[in-house]
Amino acid sequence: MTRADIFAELDRSGTLAAYAAAARKLAPLAQEMMPLRVAILANHTFDIETVLGVELARRGIAAVFHQAGYDQYRQELLNPESELDRFRPDAVLISLDIESAFPELAAGRVPEAAEWLESFDALVAAWRSRSRAPLFVCDFLPSAFDMQGLLAAGGEPSAFDLTMELNRGLRRAAGFTPNLFIVGAAALACATGLEGWRDRRMWYLARAGISPKKFPALARLAARTIAAFFRPAAKCLVLDLDDTLWGGILGDAGPNGILCAGSDYPANAYADFQRAVLALRSRGILLAVASKNDSALAEEAFEQRRDMPLRRRHFADWEVHWGPKPESIQRIASRLNIGLDSIVFLDNNPDEIALVSMALPQVRAYRMPERPEQFATFLASLEDFDQLRLSDEDRRRPELYELRNQQVAMAAAATDLESFYRSLGTVLIPEPASEANMDRIAQLIQKTNQFNLTTRRHDKAALAARMAAGSELWAFRARDVHGDHGIIAVALLDFAAGSCAIDTLLMSCRVMGRTLETAILCFLEHRAAARGARELTGEYLPTPKNGPCRDLYPQHGFRRSDDGNRWTKDICHSPILCPEWISIEGELTGCATI
Amino acid sequence: MRDDLKQVLLDVLEVNSITENDSSRTIPTWDSVRHLRLILALEERFGVTLDADEIPSLNSVRAILAVLRRGAAAA
Chain A
1 MTRADIFAEL DRSGTLAAYA AAARKLAPLA QEMMPLRVAI LANHTFDIET
51 VLGVELARRG IAAVFHQAGY DQYRQELLNP ESELDRFRPD AVLISLDIES
101 AFPELAAGRV PEAAEWLESF DALVAAWRSR SRAPLFVCDF LPSAFDMQGL
151 LAAGGEPSAF DLTMELNRGL RRAAGFTPNL FIVGAAALAC ATGLEGWRDR
201 RMWYLARAGI SPKKFPALAR LAARTIAAFF RPAAKCLVLD LDDTLWGGIL
251 GDAGPNGILC AGSDYPANAY ADFQRAVLAL RSRGILLAVA SKNDSALAEE
301 AFEQRRDMPL RRRHFADWEV HWGPKPESIQ RIASRLNIGL DSIVFLDNNP
351 DEIALVSMAL PQVRAYRMPE RPEQFATFLA SLEDFDQLRL SDEDRRRPEL
401 YELRNQQVAM AAAATDLESF YRSLGTVLIP EPASEANMDR IAQLIQKTNQ
451 FNLTTRRHDK AALAARMAAG SELWAFRARD VHGDHGIIAV ALLDFAAGSC
501 AIDTLLMSCR VMGRTLETAI LCFLEHRAAA RGARELTGEY LPTPKNGPCR
551 DLYPQHGFRR SDDGNRWTKD ICHSPILCPE WISIEGELTG CATI
Chain B
595 MRDDLKQVLL DVLEVNSITE NDSSRTIPTW DSVRHLRLIL ALEERFGVTL
645 DADEIPSLNS VRAILAVLRR GAAAA
């Protein structure tokens, strides 16, 4: 019988008898598990060994136990010659019963928690001075009854208050004591019905503070906590998209048809699952996508559906295509530089789970539950992400990867951009102002805000007057593989005493980011030279909207002159070169003629 | 002895054979701690609840059989 068979049989009933049977069947399989020496201390009768052994075995741990004598936990922790020390435990589990610790409760007296907590700190410190073995403390269950009766209603302290105060104190201690951890028995008992946890027969017959019928539930939590200490947590969650991260098939429904946001079922269940995924991310778990989908469409879904909790940037890696998922997961592992065994893979398709499990047995692959309302609780129940403490590095990890991705994307864009520009085959066509293009020139002068160096709103009459006085007004048309963009830029040049001043320079935002402005400046420099100018000057007059062209002049070799807004460049001294991927129609004669 | 009862006794007491004549006197592993384990396993397995005063006296297979028969008759 394999371990999986044994646990399948156990889980059919989950009774104490079934645990006893499972324990016997597991004994011969100990050598395939990690050995662990576990000491059990308690201030009451706490015979959890068999059940805990089975739950540890479920997590790959073969435990050897030392059970301390009844209520010997203080002596064991204090005495350097104790049986506990001789046992040399790897882990110590402590269970505390409130009625045993405070017998006066039965008589209706509620003591202060502080004194007990102080003495417990001393016990922990004494143990810590002799051993680094972690302590796992099951916190106090509320007492079975309270002889204060309803006095708590009038503000008197109750036995319940004492329990809560003790448990808070224990948790505080765990916060600053290395290798001290709390097993949240109280929360578990309260969530599952405290009554069943207290069996008065067992208390009076054997001083057992917790009913053994609840040992399976408690042992699961204790074993989970202990295992989390000795096993590294998974580092990365790899997710499918369709019917996992959102409801529906993106390829069929489109970005607006997928279910992932809002208050209606099942979209709200998917949104909650996404929030649960984000919660893991805030605990330092890296997120990645492995989906058979059209990558551009999936990117678009994240771009358009800003109403869903997850964003594209939350994912440290992205494998969206029609290739096999085992290969996708391998690439994710190598790019994120993590082991396959620290990856959890979730998919709604059982075939994908089977394929990944077969090809990459180290990956922890799980099929999503049947229904979306089970998704978030399913994720919460996965022990693979169990962490007992969170370091600052854990908290920062996802952001660090996000930053790295941005840098990689920018570097990739820098090399790709050039081939993109070349692929456009852009042609810049300068035209002198004329009847034919004057309306469009005037319109651009009135409308253009972002790439507009001076934002001077000259009207047609003013422009005509300037041209009559010797200024040159140029319109620029652009054409590329996609067709003719029409007139996209305007420049107005004034000439005086060996100098050419750019009064107006603007460009439509439709063609920003394609280095057309460099080609235009190159053309203007040649024009100025052709007219005999020795220097070219320009101004940048900042407005709330024209930030995009703030650095145009310094980026093209202009130097700032004294008044701050005016920029100057010597003409034909290291002339502005037209980018290789743009051709300017007509002849550039200016500099060559000098 | 019925098989389902026998299996619980074998597993909880960790023995390989048991008869109706056995008791805590004949089986060394049947100590006071194991006794409570056994009682709770039987309660759960057979859906009975035993009184505190009869639990200590159920330290033989025969006594257990009697109390389970009584439970079956009551049901």
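Residue numbers (our numbering), protein chains in the order written: chain A, 1 to 594; chain B, 595 to 669. Each residue gets a CB set at the ideal place from its N, CA and C atoms; glycine is no exception.
Buried or exposed by the 16-neighbour rule on C-beta atoms within 10 Å, applied to Thr593 of chain A: Only weak support is given to the placement of Thr593 of chain A: the predicted model assigns it a pLDDT of 42, under 50, and the question is left unresolved by the model.
query: Leaving out the 5 sequence neighbours to the left and right, which residues in its chain are closer than 8 Å to Thr623 of chain B when beta-carbon positions are compared?
result: Leu607, Glu608, Val609
message: Cβ closer than 8 Å: which chain B residues qualify as neighbours of Leu205 of chain A?
response: Leu630, Ala646, Ile649, Pro650
Apply the 10 Å Cβ neighbour rule to Thr643 of chain B and answer buried if 16 or more other Cβ atoms are within range, or exposed otherwise. exposed
Checklist entry - Alpha carbon to alpha carbon, how far is Leu36 of chain A from Arg24 of chain A? => result 18 Å
Check your understanding: So, is the C-beta of Ala538 of chain B closer than 8 Å to a C-beta in chain A?
Key -> In the structure as shown, chain B begins at 595 and stops at 669. Residue 538 of chain B is therefore absent and cannot be evaluated.
Q) Between Thr192 of chain A and chain B, is there a C-beta pair that is closer than 8 Å? A) no
inquiry  = Counting C-beta neighbours from all protein chains within 10 Å, is the total for Cys578 of chain A 16 or more, i.e. buried, or is it exposed?
reply    = buried
Exercise for the section: Over the uninterrupted beta strand (DSSP E) stretch that includes Asp97 of chain A, give me the two end residues. Expected result: Run containing Asp97 of chain A: none; DSSP gives neither H nor E here.
So Ala20 of chain A contacts chain B; which residues on that side make the cut at Cβ distance below 7 Å? Asp605, Val606, Ala635
- Could you check if Cys500 of chain A is buried or exposed, using at least 16 other CB atoms within 10 Å of its CB as the buried criterion? buried
Other residues of its chain near Ser211 of chain A: CB distance less than 8 Å, five sequence neighbours each side excluded
Gly196, Trp197, Arg198, Asp199, Met202
(Q) Does the CB of Arg24 of chain A have a neighbour CB from chain B at under 8 Å? (A) yes
Check: Could you check where the alpha helix (DSSP H) with Lys325 of chain A kicks off and where it finishes?
Finding: 325-336
From what residue to what residue does the beta strand (DSSP E) around Trp474 of chain A run?
472-480
Review point. Hey, how far is the Cα of Val238 of chain A from the Cα of Val363 of chain A?
Key: 10 Å
Q) Who are the neighbours of Lys213 of chain A on chain B, taking C-beta pairs under 7 Å? A) Leu634, Glu638
task: Flag this pair as touching only if the region 218-229 of chain A and the region 257-276 of chain A have three or more C-beta atom pairs under 8 Å; answer yes or no.
output: no
- Determine the chain A residues that contact Val627 of chain B at a beta-carbon separation under 7 Å, and present them in chain order. Asp47
What does the Cβ neighbour count give for Phe420 of chain A, buried or exposed, with the cut at 16 atoms within 10 Å?
exposed
Practice problem: Can you give me the start and stop residues for the alpha helix (DSSP H) that Asp272 of chain A sits inside? | Solution: 267-282
Would a C-beta distance cut-off of 8 Å place Glu535 of chain A and Thr568 of chain A closer than the cut-off? yes
### Message
In this structure, how does DSSP classify Asp240 of chain A when only helix, strand and coil are distinguished?
### Response
coil
As assigned by DSSP and simplified to three states, the class of Pro255 of chain A: coil
Nearest-angstrom beta carbon gap, Glu585 of chain A and Leu627 of chain A [assumed within contact, 8 Å]: With chain A covering 1 to 594 only, the question about residue 627 of chain A has no answer from this structure.
Proximity test, Cβ basis, 8 Å: Val602 of chain B and chain A: yes
Check the Cβ-Cβ distances between Leu29 of chain A and every residue of chain B, and say whether any is below 8 Å. no
* Could you spell out where the beta strand (DSSP E) holding Pro35 of chain A opens and where it closes? => 34-42
Inset, instruction - Run the CB neighbour count on Thr620 of chain B, radius 10 Å, all protein chains shown included, and call it buried at 16 or more, exposed below. - result: exposed
*At a cut of 8 Å, does the region 55-62 of chain A reach the region 227-237 of chain A through at least three beta carbon pairs?*
yes
Backbone secondary structure at Asn437 of chain A - three-state DSSP | coil
Would you identify the three-state DSSP class for Asp85 of chain A, choosing helix, strand or coil?
-> helix
key: Alpha-carbon to alpha-carbon, Arg510 of chain A and Arg531 of chain A   = 31 Å
Would you identify the three-state DSSP class for Tyr19 of chain A, choosing helix, strand or coil? helix
Worksheet item: Near Asn43 of chain A, what residues of its chain come up, given a Cβ to Cβ distance below 7 Å and the 5 sequence neighbours on each side ignored?
Response: Asp71, Tyr73, Leu96, Asp97, Ser100, Ala101
Rounded C-beta distance between Gly257 of chain A and Gly248 of chain A? I'm assuming under 8 Å. 6 Å
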